[in-house]
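Chemist: Sharing a structure below in structure tokens format, with a few things to ask.
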Ligand SMILES: *Cc1c(COP(=O)(O)O)cnc(C)c1O
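Numbering (this note's numbering), first residue to last: 60 to 422.
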């Protein structure tokens with residue numbers, strides 16, 4: 060059997076007719092950018108999350124960049140962020156001229172809230188929280204710190220559409236929540252897309268102007284903006300998928316529960332669920348000190364796994380200017396050598412799930 064780490068075609072097949080109908084409807088409408096589909100999606104997604112406003116943009120990275128820009132964070136400012144994240148989180152900070160200050164992760168792969176306070180300086184302007192692999196970060200202590208030190212909180216929710224912390228959806232805790240709709244995400248489009256969400260009307264209004272060349276009224280530009288819009292076809296297709304997001308997340312949870320119950324291999328450490336959090340299992344990430352051997356073993360069986368992520372941002376060539384030595388973030392670096400993501404996707408069959416479990420257990 061051949062099992063890929065992800066199968067986006069299966070996700071399409073699940074609601075094929077509805078996707079096809081919506082795509083044709085938008086094509087026939089003659090209106091492709093900033094129209095009714097986007098307005099409706101923004102309303103429906105804000106409602107789903109329980110937040111005041113949603114503004115569609117062109118990608119998750121743009122959402123992060125725009126959020127930090129709107130908060131007035133830039134050159135000379137520091138933003139606290141966990142070391143083990145996708146590099147786009149860090150680029151959202153540095154593209155605004157601000158400096159990332161890295162904090163080690165906890166055993167749930169999210170920022171270790173015990174280690175934030177020691178990194179706060181007079182230049183710290185915000186905490187960028189990442190809800191990595193689909194699981195919410197420990198938001199209450201983070202929000203307490205933000206109040207104590209008057210810091211902004213931005214949430215990178217690119218991997219956590221619908222995830223909850225104490226019954227509240229991620230993206231609704233901080234000043235601005237940022238989402239990606241890249242095809243592999245839990246709420247994935249059929250191309251690039253992203254959104255920012257907020258309870259602040261001013262941020263929402265400014266984001267809508269900024270994403271469209273700084274233009275409120277056609278050909279009248281009040282500020283210098285960017286071109287970062289979520290197009291009508293993607294917005295329409297996301298509306299179709301949003302109706303099923305809870306079902307899709309539930310299906311991932313079922314796969315994860317089956318893995319957790321049946322994988323028993325002494326060299327493989329299973330992921331843990333934080334008490335009171337509802338993970339949406341964007342990835343199922345195990346840890347093992349024998350990663351290279353396990354990858355080879357699975358490959359021989361036709362099971363493809365992935366590493367999220369092999370090089371932590373602080374050691375990436377792109378961030379050499381930050382001058383971070385190997386060993387400066389030992390936990391982050393250890394994770395980058397030990398984590399392995401197993402196949403998990405919507406439309407995964409029972410036989411495929413069992414094949415992965417047997418494959419790991421035979422290691
Ligand atoms: C995917 C992702 C992003 C970037 O989203 P794009 O839409 O690909 O730009 C940012 N942060 C995290 C944690 C991600 O997983």
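Note that CB positions come from ideal geometry on N, CA and C, so glycine has one too.
Here the structure is a predicted model, which is why all the values come from computation and not from measurement.
Where does residue 118 land, buried or exposed, given buried means 16+ other C-beta within 10 angstroms?
Modeler: So residue 118 counts as buried.
Chemist: Beta carbon of residue 295, beta carbon of residue 283: below 8 angstroms?
Modeler: Taking 8 angstroms as the Cβ cut-off, residue 295 and residue 283 do not qualify as a contacting pair.
Chemist: Does any CB atom of chain B fall closer than 8 angstroms to the CB of residue 394?
Modeler: Looking for chain B here will not work: only one protein chain is present.
Chemist: Consult DSSP for residue 102 and reduce its assignment to one of helix, strand or coil.
Modeler: In the structure shown, residue 102 sits in a helix (DSSP, three-state: H, G or I).
Chemist: List the DSSP bridge partners of residue 223.
Modeler: Paired residue(s): 228, 337.
Chemist: Specify, as a first and last residue, the run of the beta strand (DSSP E) that residue 276 falls within.
Modeler: First-last of the beta strand (DSSP E) with residue 276: 274 to 276.
Chemist: Among 163, 110, 63, whose alpha-carbon lies nearest the alpha-carbon of residue 394?
Modeler: Closest by alpha carbon: 163.
Chemist: So does residue 241 have its beta carbon nearer than 7 angstroms to some heavy atom of ligand 2?
Modeler: For the structure depicted, ligand 2 is absent and the ligand set comprises only ligand 1.
Chemist: State the beta-bridge partners of residue 185 as determined by DSSP.
Modeler: Residue 185 pairs with 138, 211.
Chemist: Restricting to Cα atoms, I'd like to know which of 360, 323, 305, 292 is closest to residue 90.
Modeler: Minimum Cα distance to residue 90 is reached at 292.
Chemist: Under three-state DSSP, which class holds residue 412?
Modeler: Helix at residue 412.
Chemist: For a test of the three-state rule: what should DSSP assign to residue 257, helix, strand or coil?
Modeler: Correct three-state label for residue 257: strand.
Chemist: Span of the beta strand (DSSP E) holding residue 158?
Modeler: 158 to 162 is the extent of the beta strand (DSSP E) around residue 158.
Chemist: Could you give the residue range of the beta strand (DSSP E) that holds residue 239?
Modeler: Here the beta strand (DSSP E) through residue 239 covers 235 to 239.
Chemist: Restricting to Cα atoms, I'd like to know which of 234, 251, 175 is closest to residue 112.
Modeler: Closest by alpha carbon: 234.
Chemist: Just reading off the alpha helix (DSSP H) that residue 71 is part of, what are its end residues?
Modeler: That run of the alpha helix (DSSP H) goes 67 to 73.
Chemist: Quick check on DSSP: helix, strand or coil for residue 286?
Modeler: Three-state DSSP puts residue 286 in a strand.
Chemist: Residues in its own chain within less than 6 angstroms of residue 30 by CB, not counting five upstream and five downstream?
Modeler: Absent from the model: residue 30. The displayed extent of the chain is 60 to 422, so no value can be given.
Chemist: In terms of DSSP beta bridges, what is residue 328 paired with?
Modeler: Its beta-bridge partners are 346.
Chemist: Of the choices 129, 97, 305, whose alpha-carbon is the least far from that of residue 341?
Modeler: Selected option, being the one with the closest Cα: 305.
Chemist: Determine the direct distance from the alpha carbon of residue 410 to that of residue 126, and round the result to whole angstroms.
Modeler: In a straight line, the C-alpha of residue 126 is about 43 angstroms away from that of residue 410.
Chemist: Can you tell me which of 188, 194, 184, 345 puts its alpha carbon nearest to the alpha carbon of residue 208?
Modeler: It is 184.
Chemist: So does the stretch 335 to 351 actually touch the stretch 387 to 406, counting three or more Cβ pairs closer than 8 angstroms?
Modeler: Verdict: yes, contact present.
Chemist: Taking only the alpha-carbon atoms, compute the straight-line gap between residue 309 and residue 406 and give it to the nearest angstrom.
Modeler: Taking the straight line joining both Cα atoms gives about 12 angstroms.
Chemist: Taking its Cβ as the centre, do 16 or more other Cβ atoms sit within 10 Å of residue 377, making it buried, or is it exposed?
Modeler: Exposed, by the Cβ-count rule.
Chemist: Judging by CA-CA distance, which residue of 136, 144, 200 is the nearest neighbour of residue 181?
Modeler: Residue 181 has its Cα closest to that of 136, out of 136, 144, 200.
Chemist: Can you give me the start and stop residues for the alpha helix (DSSP H) that residue 112 sits inside?
Modeler: No alpha helix (DSSP H) contains residue 112, which is instead part of the beta strand (DSSP E) from 112 to 116.
Chemist: For residue 159, is the classification buried or exposed, using 16 other Cβ atoms within 10 angstroms of its Cβ as the cut-off for buried?
Modeler: By the neighbour-count rule (16 or more Cβ atoms within 10 Å), residue 159 is buried.
Chemist: Taking 7 angstroms as the cut-off, is the beta-carbon of residue 145 closer than that to any non-hydrogen atom of ligand 1?
Modeler: Checking the Cβ of residue 145 against ligand 1 gives yes.
Chemist: What is the DSSP secondary structure of residue 303, counted as helix, strand or coil?
Modeler: Correct three-state label for residue 303: coil.
Chemist: What did DSSP end up calling residue 365 once you bin it into helix, strand or coil?
Modeler: It is a strand residue.
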